[in-house]
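Position 38 of the sequence shown, counting from 1, maps to 330 under this note's numbering, and the rest follow consecutively.
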Amino acid sequence: MGVCIICGKAGKGIMAKKDFFIIAARRLRSFFGPEEKRTMVHRHHMKKAKEKRANFEKMQGLYRKYAIVFFVLAILGGLGFKLDLWVLFPAFLGALFIAALPYAYYFPSFEA
Ligand SMILES: [Zn+2]
293 MGVCIICGKA GKGIMAKKDF FIIAARRLRS FFGPEEKRTM VHRHHMKKAK EKRANFEKMQ
353 GLYRKYAIVF FVLAILGGLG FKLDLWVLFP AFLGALFIAA LPYAYYFPSF EA
């Protein structure tokens with residue numbers, strides 16, 4: 293039994309592939325209540341689900357590039373002032389933050 297990610301109705305369908313995000317969400321939910329509602333998608337939404345997943349993956353790739361560019365620029369900017377290891381820390385945190393942004397649009401994979 294699961295809940296469809298497209299139409300929100302319970303039923304049987306293709307289960308979301310377990311990844312870090314799904315496992316974390318599941319742990320969080322089981323913390324709040326015993327009922328486990330698994331994320332799935334009805335077979336007839338599969339095309340839409342694949343499009344959404346592809347879009348998420350594209351964003352993920354794009355933001356990973358942004359994060360690297362940010363990191364490099366932050367380091368170079370830091371070097372302009374003074375070579376300091378402490379530049380690495382905020383640069384790394386900033387890059388991590390940028391890389392995490394597309395997760396606001398997270399969509400699971402439904403490869404069977
Ligand atoms: Zn559905």
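Built from N, CA and C at the ideal position, the CB exists for glycine as well.
By how many angstroms is the C-alpha of G372 removed from the C-alpha of K309?
45 Å
Using only CA atoms, which one of F324, R356, L368, M332 lies nearest to A391?
R356
With C-beta atoms as the reference, is V333 less than 9 Å away from I360?
no
Which residues DSSP lists as bridging V333, in chain order
I306
For ligand 1, which residues have a Cβ under 6 Å from at least one heavy atom, in chain order?
C296, I298, C299, K301, H334, H337
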